[in-house]
Amino acid sequence: MPVSAPSRPVARGVELRHVELPRTTLRVGIAGDGPPLIMLPATISLIEDWEALIRFVGQSYSAHFFELPGHGGSSPLDSPYRSELIAESVVDLADKLGFDTFSLFGFSFGGLLALRTLQHAGDRIERVALFSPYIGREALLHSRAKLLALRVLLTALKPEIARRGVLGGLSGRRGSELLAWFMHEIGKFETSADLTARLRSFTASSVDVLIAQVNEVLTTPAASLAGPFASRCLFGMSMRDPMLDYSTTRAFLTGTFPDISEERWDTPYHAAPRALTFEDYERDHRSVLTWR
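Taking the working numbering, I'd label the letters of the sequence shown as residues -10 to 281.
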């Protein structure tokens, strides 16, 4: 099946397409006509959450942002979720769209996906921008008690009947509010989206993907994501990130990318508490467009 024709734009300058790949069909938001760049999403992200960033990046690149398989408008993978399969699908997307080489932009959990993609097809990736990236469990700033609580929850949710019970609970406001509280207070999860409303919209595959992602965050060692990689890297992160340790992240990336540039911020959050506007990106993140 060919790439679908564009549907109704999310916003001015962002087109939606559904792209059928061997393992999944991805819902993709596209802006710009420069060199190809694939944006790797953070946890439970929708295109609508990032339309301003897609348009911003589209000023210098042909920016492609996809929703994770099993979440939003993307179909589930043909086998249980693993980040290695996402990396394969990123390369499948590049192949389907005719990109011999391309760049990556990963933020938060998307950092793990970018590193997996570099491991899978590093010779095709020219540049990689990593903003507040997850680089392994060693960078987590959670207390031992919070990590234990997260592990206990994951163990309890291994049986499918338990996961389906969570899905049933999310259909009500009380259940979605409780999980949103747990994700924020225990998991240190940050998002500008209405998390309670987002959780109420979850499908069975969305629950499975979220659980699989949290499991990877808690168990993936940095050594399993290491290079070295020849691609040029732009690293941006707040030195006061409350979720991921800046020094640990920086040390890993400088040891992994011989050619690295850095942007340091001083914001007290991992993810902005409100959706950033196009003007915000223009003011604070021009480096994404000018870095070469």
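A virtual CB, placed ideally from N, CA and C, is assigned to each residue, including glycine.
Proximity of residue 52 and residue 99 at Cβ, strictly below 8 angstroms
Not a contact, by the Cβ cut-off of 8 angstroms.
For residue 48, which residues in the same chain have their Cβ closer than 7 angstroms to its Cβ, ignoring the five residues on either side in sequence?
21, 278
Helix, strand or coil at residue 5 [DSSP, three-state]:
DSSP places residue 5 in strand when its eight states are reduced to three.
Contact set for residue -7: own chain, Cβ-Cβ below 6 angstroms, skip 5 residues either direction
With a pLDDT of 43 at residue -7, under the threshold of 50, the modelled position of this residue cannot be trusted; read the value that follows with caution. For residue -7, where only same-chain residues beyond five positions count, the Cβ hits under 6 angstroms are 6, 7.
Could you tell me the boundaries of the beta strand (DSSP E) in which residue 282 lies?
Residue 282 is absent from the model: the chain starts at -10 and stops at 281.
Those residues which DSSP pairs with residue 18 across a bridge
5, 54
CA-to-CA distance, residue 225 to residue 252, given in whole angstroms:
4 angstroms
Starting from the C-beta of residue 109, find all residues in its chain whose C-beta is less than 7 angstroms away, skip the five residues before and the five after it, and write them out in chain order.
76, 77, 80
For residue 110, report the span of its alpha helix (DSSP H) as first-last.
98 to 110
Take the Cβ of residue 153 as the centre, count every other Cβ of all protein chains shown within 10 Å, and call the residue buried at 16 or more, exposed below.
Residue 153 is exposed by the Cβ-count criterion.
Strictly by DSSP, which residues pair up with residue 117?
93, 222
Is the closest heavy atom of the ligand NAP to the C-beta of residue 134 under 7 angstroms?
This structure does not include the ligand NAP; it has no bound ligands of any sort.
Residues near residue 156 by beta carbon distance below 7 angstroms, same chain, minus five either side
191, 193, 196
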